[in-house]
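Numbering (our numbering), first residue to last: 5 to 88.
All residues carry an ideal CB built from backbone N, CA and C; glycine is no exception.
All values derive from a computational prediction rather than experimental measurement.
Here's the structure we're looking at; comments come further down.
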């Protein structure tokens, strides 16, 4: 992992990198905008919530399939506590 990414991932909340969570939220924002443009009849709040849940679940599943222990996975009881 490059030094820049290590530096960006240093600020943490509940021992989870804020950089990663901001990336997820940014992805939710852009994906929700795209979906809203294709389906304008759906309420924006519903789209945001569904996309957020799907992205978090997808991240958990991908990490689990790749045997990568994460702090969020630990909080969900899916893996042992990880060491930073």
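{"Check": "Three-way DSSP call (helix, strand, coil) for residue 53 in this model", "Outcome": "helix"}
{"Check": "8 angstroms Cβ cutoff met for residue 32 and residue 55", "Outcome": "yes"}
{"Check": "Reduced DSSP secondary structure (H/G/I, E/B, other) of residue 17", "Outcome": "strand"}
{"Check": "Classification of residue 41 by the beta-carbon crowding that lies within 10 angstroms, buried from 16 upward", "Outcome": "exposed"}
{"Check": "First and last residue of the uninterrupted alpha helix (DSSP H) at residue 9", "Outcome": "7 to 12"}
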